[in-house]
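Engineer: Start counting the sequence shown at 1; every next residue gets the next number (the UniProt record's numbering). All residues carry an ideal CB built from backbone N, CA and C; glycine is no exception.
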Amino acid sequence: MIATIDAALTGFRIAREKPMTLLWWAGFYFVFTLATTVLMVLTAGPELMQLQSADPSTTDPMASLALLGKVGPMLLVLLALSALYYGITFSAANRAVLQPSDDRMGYLRFGAPEWRQTLLTLLIWAVFFAALLVLAVVGGLIVGILSAFSMVAAVVLGIVVFFGAWAGLIALGVKLSLASPLTQVTGKIDLAASWRLTRGHFWPMLGAYAVAAILTLVVTLLVAAIFFVVALLAGGMDLVGQVMEPDLSALANVLTPAQLVYYLGSSILTALTSLIWICPAPAIYRQLTQGGATSAEG
Numbered sequence: 001m002i003a004t005i006d007a008a009l010t011g012f013r014i015a016r017e018k019p020m021t022l023l024w025w026a027g028f029y030f031v032f033t034l035a036t037t038v039l040m041v042l043t044a045g046p047e048l049m050q051l052q053s054a055d056p057s058t059t060d061p062m063a064s065l066a067l068l069g070k071v072g073p074m075l076l077v078l079l080a081l082s083a084l085y086y087g088i089t090f091s092a093a094n095r096a097v098l099q100p101s102d103d104r105m106g107y108l109r110f111g112a113p114e115w116r117q118t119l120l121t122l123l124i125w126a127v128f129f130a131a132l133l134v135l136a137v138v139g140g141l142i143v144g145i146l147s148a149f150s151m152v153a154a155v156v157l158g159i160v161v162f163f164g165a166w167a168g169l170i171a172l173g174v175k176l177s178l179a180s181p182l183t184q185v186t187g188k189i190d191l192a193a194s195w196r197l198t199r200g201h202f203w204p205m206l207g208a209y210a211v212a213a214i215l216t217l218v219v220t221l222l223v224a225a226i227f228f229v230v231a232l233l234a235g236g237m238d239l240v241g242q243v244m245e246p247d248l249s250a251l252a253n254v255l256t257p258a259q260l261v262y263y264l265g266s267s268i269l270t271a272l273t274s275l276i277w278i279c280p281a282p283a284i285y286r287q288l289t290q291g292g293a294t295s296a297e298g
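1. Just to confirm the assignment, what range does the alpha helix (DSSP H) spanning P257 have?
2. Three or more C-beta pairs under 8 Å: does that hold for the segment 274 to 284 against the segment 197 to 214?
3. Mind checking whether I268 and A179 have CB atoms under 8 Å apart?
4. Runs of 4 residues minimum, wholly inside the segment 108 to 161: which ones carry the alpha helix (DSSP H) assignment?
5. Let me make sure I understand the geometry here. Which of S266, L288 and A35 has the alpha-carbon closest to that of T220?
6. Quick check: L67 and E47, are their CB atoms within less than 8 Å of each other?
7. Got a sec, what are the start and stop residues for the alpha helix (DSSP H) D6 sits in?
8. If you pair each beta-carbon of the segment 270 to 277 with each one of the segment 1 to 15, do three or more pairs fall below 8 Å?
9. Under 8 Å between the Cβ atoms of A271 and A26?
10. With DSSP collapsed to three states, give me the class of residue 299.
11. Roughly how far, in whole angstroms, is the beta-carbon of I14 from the beta-carbon of A96, given that I think they are within contact range, below 8 Å?
12. Is it true that the segment 115 to 130 meets the segment 77 to 89, where meeting means three or more beta-carbon pairs spaced less than 8 Å apart?
13. Starting from the Cα of T36, find the closest Cα among T21, A80, I2 and L23 and give me that residue.
14. Can you tell me where the alpha helix (DSSP H) with V254 in it begins and where it stops?
15. Under three-state DSSP, which class holds S91?
16. Which of helix, strand or coil does DSSP assign to A283?
17. How many Å lie between G200 and A165 at the Cα?
18. Look at T183 and I189 and say whether their C-beta atoms are less than 8 Å apart.
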């Protein structure tokens with residue numbers, strides 16, 4: 001039996017009982033944000049700004065493709081770095097729940113478990129991309145064929161397919177959600193094991209994740225409202241626009257005091273929300289396995 005609310009509140013408890021974990025995670029995300037932002041500016045900043053400001057109705061498609069060709073390699077590097085970031089973060093969350101006494105550096109490490117979590121992240125991204133592609137193609141074909149007979153029926157079916165696809169992706173996410181703690185404990189990437197372990201527990205797990213998602217949304221909205229008010233008082237709407245969409249054409253534009261303060265606030269928020277939405281999965285794993293097992297750190 002899964003204690004739904006207990007699992008959903010795991011991240012909150014960790015943040016309250018071990019605030020240094022929150023600070024370590026915030027610092028890690030702050031460094032990651034600075035590093036990736038500097039990378040974007042130095043490698044493809046002007047090109048990114050050109051793409052952002054381009055008008056699709058008047059821009060030469062070949063020119064846009066040329067810009068994408070320059071930006072593409074940087075985006076691939078960012079994708080790999082993002083997977084590594086999630087690998088480190090998920091590994092830390094698993095450690096916080098399954099090995100709470102090993103709390104040095106806010107449970108953050110950089111070793112074999114993190115690399116396994118990174119590979120798992122890339123694999124799950126690929127699975128979701130493939131699932132989304134299949135749903136889009138099959139749904140599009142069905143709606144397209146039906147539209148030849150009845151446009152009204154095609155629209156209705158299109159709506160049903162849209163929400164059905166989302167439901168399917170959510171269900172897939174729940175079924176694969178225990179892959180991360182399983183990988184942490186066993187040292188093996190096994191999506192099928194997560195699928196088997198969730199059997200008979202889908203609805204309590206979905207409930208826990210739904211509560212965690214609502215808490216994440218509430219915290220995000222509250223912090224965003226506070227930030228918006230402070231930014232308005234400090235510099236008005238111009239300042240809000242500058243920090244939310246910085247000019248990436250020059251490094252000086254992304255390292256202003258206001259921008260750094262925004263990065264810092266965003267890092268604290270991201271650390272807290274990450275704890276809230278990542279920790280329920282290892283907490284559920286611990287409940288289903290009566291305490292879990294020692295992580296495979298080697």
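Structural biologist: This is what the structure gives:
1. From DSSP, the alpha helix (DSSP H) with P257 extends over P257 to I278.
2. yes
3. In this structure, A179 does not lie closer than 8 Å to I268 by Cβ.
4. 112 to 147
5. S266
6. yes
7. T4 to A8
8. yes
9. yes
10. The displayed coordinates of the chain run from 1 to 298. Any statement about residue 299 would go beyond what the structure contains.
11. 5 Å
12. yes
13. A80
14. Careful: V254 lies outside any alpha helix (DSSP H) and carries neither H nor E.
15. Looking at S91 - three-state DSSP - the assignment turns out to be helix.
16. helix
17. 22 Å
18. Yes, they are a contact pair.
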